[in-house]
């Protein structure tokens, strides 16, 4: 993969020895959408924010879906591999510490972040995922070792798009593979609730990335 294969925004760290946040937007958004989230979640961190390459009726996505809530899992696997390769290229191009990359995403981007964890262990030091579900629908992920990975999951109990059952299934899959998991549920729907963001910021600060 070449760095130009994804339109992206790169913002260098404003604090010395800060980690890098890989920001993955939701359906219909772009590389600018989650920059405020990145700045709020980890002030001073470097921000690497690419744009998904799948076009669904004019909306940017990270992988195809067959219909609402039903993923094209083969496409997800392929495109997650491409994103993992591109992230490695960005690490080299921007001189990043490969052991201090943390992904954060919302909805489609959060599902993609979860797929990166499960399919490419060792790529990421951690993840803060909002409205994420188990990405490999109908498949049990390989028994990878995520014991060195810290993960925050923020989920809505009333979410009609990423159901709480799917969110809890992802949590189980991550725990069973050794991830250090912090799960936070809010009573709302498909949103990034302010109190969950506050909890995520505290989690990030305490994780020592």
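Numbering (the working numbering), first residue to last: 34 to 242.
Even glycine gets a Cβ: it sits at the ideal position worked out from N, Cα and C.
Within 8 Å, strictly: CB atoms of residue i and residue j
i           : j           : result
residue 157 : residue 177 : no
residue 84  : residue 63  : yes
residue 148 : residue 168 : yes
residue 221 : residue 191 : yes
residue 207 : residue 150 : yes
residue 123 : residue 78  : no
residue 170 : residue 110 : no
residue 223 : residue 196 : no
residue 60  : residue 140 : yes
residue 55  : residue 120 : yes
residue 44  : residue 80  : yes
Neighbourhood of residue i by C-beta distance below 7 Å, restricted to the same chain and skipping five residues each side
i           : result
residue 133 : 52, 53, 158, 242
residue 233 : 74, 161, 185, 187
Limits of the alpha helix (DSSP H) - the one that residue i falls within
i           : result
residue 122 : 106-127
residue 234 : 227-240
residue 32  : For residue 32 there is no data in the structure shown, the boundaries of the chain being 34 and 242.
residue 84  : Element bounds for residue 84: n/a, residue is neither H nor E.
residue 73  : 68-74
residue 205 : 197-209
Alpha-carbon spacing of residue i relative to residue j, whole angstroms
i           : j           : result
residue 202 : residue 117 : 23 Å
residue 34  : residue 48  : 29 Å
residue 68  : residue 128 : 20 Å
residue 126 : residue 36  : 8 Å
residue 238 : residue 50  : 14 Å
residue 204 : residue 102 : 18 Å
residue 112 : residue 173 : 19 Å
6 Å Cβ shell around residue i - same chain, five flanking residues per side excluded
i           : result
residue 57  : 138, 142, 145, 146
residue 215 : 185, 236
residue 199 : 166, 167
Residue i beta carbon near the ligand COA (any heavy atom closer than 7 Å)
i           : result
residue 146 : The ligand COA is not part of the structure shown, which contains no ligands of any sort.
Host beta strand (DSSP E) of residue i (start-end)
i           : result
residue 189 : 183-189
residue 36  : That residue, residue 36, is in no beta strand (DSSP E); it is neither H nor E in DSSP.
residue 216 : 213-219
residue 133 : Residue 133 -> no beta strand (DSSP E), and no H or E assigned at all.
residue 53  : 53-57
residue 93  : 92-94
residue 42  : 41-44
residue 97  : Careful: residue 97 lies outside any beta strand (DSSP E) and carries neither H nor E.
residue 161 : 159-163
Nonlocal neighbours in the same chain, by C-beta distance under 8 Å from residue i, ignoring five residues either side
i           : result
residue 212 : 150, 179, 180, 182, 183, 184
residue 219 : 187, 188, 189, 190, 226, 228, 229
residue 65  : 42, 82
residue 217 : 185, 186, 187, 188, 229, 232, 233
Sufficient close CB pairs (3 or more, under 8 Å) joining the region 182-200 to the region 144-163: Touching, yes.
The region 95-107 / the region 63-80 touching (three or more Cβ pairs under 8 Å): Cβ pair count under 8 Å is below three, so no.
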